[in-house]
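Numbering-wise, the sequence shown is residues 441 to 771 according to the working numbering. Structure first, commentary second.
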Amino acid sequence: MADTKISILNLVPKYQHETMKAAFDRAVALARFAEKNNFTRYWVAEHHNTRAVLGSATDLVLAYILSHTESLRVGAGGVMLPNHTPFQVAERYGTLQALYPDRVDLGVGRAPGTDRATAKLIYRRHYNQEDFVEALRTLQGYMSDEAVDLPVAPTPGIGAHVPIYVLGSSDASAYVAAELGLTYSFAGHFSPNSIGHALDIYRKQFKPSEHLEKPYVILGLTTNIAATEEEAEALAFQAAQVFLHLIHRQSRDEFLKMDPDHAPELTSIEKFYLRAHRGLSISGSLDEARDQYREIMRRYAPDEIIGATYIPDQAPLEENFRLLADIVRND
């Protein structure tokens with residue numbers, strides 16, 4: 441398992457009483473940590489109509505992070521294609537590739553990444569599976585060498601060959617990734633229910649392509665790891681508060697940093713939601729996290745894991761990923 445790769449997914453969370461600039465700078469600091477500690481890639485997710493996460497203009501956030509790092513692969517995890525035309529995406533990510541050669545990733549998904557009210561303002565049209573495949577093929581064409589012969593061609597973008605990754609959490613996205621011969625990134629941290637079936641479909645249906653010879657799975661999961669049980673309990677408390685913040689539809693407000701000693705006791709309904717909607721996770725003390733990692737590898741055998749977390753303070757945030765790397769690289 442020591443050859444399993446490790447990456448970071450950052451939703452760029454913003455906490456109450458901090459500036460947006462501070463949240464972006466924290467994202468940069470974590471990217472520098474990832475680079476220093478030889479993580480494979482660092483992705484930022486696209487979300488809209490919330491003050492709690494700041495990845496709405498994903499390509500601009502990536503440009504900021506790329507400008508403050510030297511060798512780390514940085515990318516979108518991902519661009520929600522229904523919100524953009526393939527032409528626009530090719531221009532933007534072609535520009536990033538020109539500025540930072542061979543360091544840019546482009547993860548793409550079919551969901552709008554927002555609520556219905558916001559979707560009406562930015563959503564171009566409903567995307568079914570066939571539409572998604574067509575948009576992906578168009579995007580690939582725009583970033584190919586052959587795009588130079590198009591009557592209207594994206595510049596920059598022509599010949600950019602930015603690596604594309606299919607994001608999803610369902611059988612449908614697995615079929616798309618397999619059909620196009622692309623890497624499949626499964627959002628286990630968000631919706632793990634169909635993970636086993638989806639990965640089975642992807643691996644069995646995979647068609648080798650010029651981009652990828654054999655299936656490659658990136659598995660998204662939540663990570664809240666600490667060296668001691670006491671520290672792990674504090675991280676678990678903060679993670680629970682973030683999740684409850686979201687399910688109570690308070691996502692337009694910043695996340696709160698709450699003191700466990702002064703927080704209200706969870707209701708029975710809140711406890712039920714936390715149990716029922718928990719995503720795939722590696723959390724707890726070092727020993728607990730190691731056992732969880734081994735079980736995930738036994739069941740799903742991903743080629744790479746990409747961890748997401750909402751830990752607000754830099755020291756425990758970096759320690760969480762340092763411990764994750766220690767588990768993966770030394771198990």
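No residue lacks a Cβ here, since even glycine has one placed at the ideal position from N, Cα and C.
At which residues does the beta strand (DSSP E) containing D545 begin and terminate?
Against the sequence shown, residue 545 aligns to sequence position 105. Its beta strand (DSSP E) spans residues V544 to G549.
How far does the alpha helix (DSSP H) with A471 in it extend, from its first residue to its last?
Here residue 471 corresponds to residue number 31 of the sequence shown, with the count starting at 1. Start and end: M460 to K476.
Taking the alpha-carbon positions, what's the V588 to I598 distance?
What you label residue 588 is simply residue 148 of the sequence shown in a count that begins at 1. What you label residue 598 is simply residue 158 of the sequence shown in a count that begins at 1. Each residue's Cα considered, the two are about 6 Å apart.
Which two residues bound the contiguous beta strand (DSSP E) that contains F479?
In the sequence shown, the residue the question calls residue 479 occupies position 39. Here F479 belongs to no beta strand (DSSP E), and DSSP marks it neither H nor E.
I believe R550 touches V514 by the beta-carbon criterion, under 8 Å. Please report the beta-carbon distance rounded to the nearest angstrom.
As a first step, residue 550 is located in the sequence shown; it is residue number 110 there, counting from the start. As a first step, residue 514 is located in the sequence shown; it is residue number 74 there, counting from the start. Rounded, the Cβ-Cβ distance is 22 Å, inconsistent with contact.
Determine the direct distance from the alpha carbon of R739 to that of Y533, and round the result to whole angstroms.
To locate residue 533, count along the sequence shown from 1; it is residue 93. To locate residue 739, count along the sequence shown from 1; it is residue 299. If you take the alpha carbons of Y533 and R739, they lie about 35 Å apart.
Keeping to the same chain, check which residues put their C-beta closer than 6 Å to that of S631; ignore five residues upstream and five downstream.
As a first step, residue 631 is located in the sequence shown; it is residue number 191 there, counting from the start. Closer than 6 Å at the Cβ level, and outside the excluded window around S631, lie S609.
Between which two residues does the beta strand (DSSP E) harbouring T623 extend?
If you number the sequence shown from 1, residue 623 lands on position 183. Where T623 is concerned, the enclosing beta strand (DSSP E) stretches over T623 to F626.
With distances taken from CA atoms, which of L652, I641 and H629 is nearest T623?
Reading the sequence shown from its first residue, position 183 is the one you call residue 623. Checked all of L652, I641 and H629; the closest Cα to T623 is L652.
Please classify M460 as buried or exposed, where buried requires at least 16 neighbouring CB atoms within 10 angstroms.
As a working note, residue 460 is residue 20 in the sequence shown. When all chains shown are included, M460 counts as exposed.
Check whether the Cβ atoms of P756 and L675 sit closer than 9 Å, and answer yes or no.
Here residue 756 refers to the residue found at position 316 of the sequence shown. Here residue 675 refers to the residue found at position 235 of the sequence shown. Their beta carbons are under 9 Å apart, which means P756 touches L675 by this criterion.
Taking DSSP's pairing of strands, which residues face S725 in a bridge?
Sequence index remark: in the sequence shown, residue 725 carries index 285 (1-based). Its beta-bridge partners are A666.
Helix, strand or coil: which one does DSSP assign to G747?
As a first step, residue 747 is located in the sequence shown; it is residue number 307 there, counting from the start. Three-state DSSP puts G747 in a strand.
Going by DSSP in three states, S447 sits in which element: helix, strand or coil?
What you label residue 447 is simply residue 7 of the sequence shown in a count that begins at 1. In this structure, S447 counts as strand in the three-state DSSP scheme.
Between the beta-carbon of H637 and the beta-carbon of D611, is there less than 9 Å?
If you number the sequence shown from 1, residue 637 lands on position 197. If you number the sequence shown from 1, residue 611 lands on position 171. Yes; because the gap between Cβ atoms is below 9 Å, this pair is in contact.
Assuming the contact rule is C-beta atoms closer than 8 Å, A672 and G724 should be a hit. Round their C-beta distance to whole Å, please.
Within the sequence shown, the letter at position 232 stands for residue 672. Within the sequence shown, the letter at position 284 stands for residue 724. Between G724 and A672 the Cβ distance is about 5 Å, and since that is below 8 Å, they are a contact.
Taking all protein chains shown into account, do 16 or more other C-beta atoms lie within 10 angstroms of the C-beta of S708, making it buried, or fewer, making it exposed?
Here the question's residue 708 lines up with position 268 in the sequence shown. It is exposed - the Cβ of S708 has fewer than 16 other Cβ atoms within 10 Å.
Does the structure place the region 469-477 close enough to the region 488-502 that three or more beta carbon pairs sit under 8 Å?
no
Rounded straight-line distance, which links the Cα of A516 to that of P545
Position 105 of the sequence shown, counting from 1, holds the residue named residue 545. Position 76 of the sequence shown, counting from 1, holds the residue named residue 516. Reading off the sequence shown, one finds Asp at residue 545, where the question assumed Pro. Whole-angstrom Cα-Cα distance: 6 Å.
Thinking just about the alpha-carbon of each residue, which of A600, A617 and Q678 is nearest to the one in L607?
Taking the sequence shown and counting its residues from 1, one reaches residue 607 at position 167. For L607, the nearest C-alpha among the options comes from A617.
Check whether the region 473-482 touches the region 448-457, taking contact to mean three or more Cβ pairs, one atom from each stretch, closer than 8 Å.
yes
Using a threshold of 9 Å, state whether the C-beta atoms of I751 and L659 are closer than that.
As a working note, residue 751 is residue 311 in the sequence shown. As a working note, residue 659 is residue 219 in the sequence shown. Contact: no.
When you compare only the Cα positions, how much space is there between E759 and D731?
Along the sequence shown, read from residue 1 onward, the residue named residue 759 stands at position 319. Along the sequence shown, read from residue 1 onward, the residue named residue 731 stands at position 291. Approximately 18 Å, taken between the alpha carbons.
Looking at the unbroken beta strand (DSSP E) that takes in V519, where does it start and where does it end?
Taking the sequence shown and counting its residues from 1, one reaches residue 519 at position 79. Taken as a continuous stretch (DSSP letters only), the beta strand (DSSP E) holding V519 covers R513 to M520.
Mind checking N664: buried by the 16 CB within 10 Å criterion, or exposed?
What you label residue 664 is simply residue 224 of the sequence shown in a count that begins at 1. Classification of N664: buried, given that the 10 Å Cβ count is 16 or more.
Sequence-distant residues of the same chain with beta carbon closer than 8 Å to Q645, five excluded per side:
Here residue 645 refers to the residue found at position 205 of the sequence shown. Spatial neighbours of Q645 in its own chain (CB-CB distance under 8 Å, excluding positions within 5 residues in sequence) are listed in chain order as A614, Y615, A618 and E619.
Residues of its chain near T578, where Cβ-Cβ distance is below 7 Å and the 5 sequence neighbours each way are ignored
The count along the sequence shown starts at 1 and reaches residue 578 at position 138. Within the same chain, T578 has close Cβ partners P526.
If we call anything under 9 Å between Cβ atoms a contact, is V592 one with P453?
For the purposes of this step, residue 592 is taken as the residue at position 152 of the sequence shown. For the purposes of this step, residue 453 is taken as the residue at position 13 of the sequence shown. Not closer than 9 Å, so no.
According to DSSP, simplified to helix, strand and coil, what is Y540?
Sequence index remark: in the sequence shown, residue 540 carries index 100 (1-based). The answer is coil: DSSP assigns Y540 none of H, G, I, E or B.
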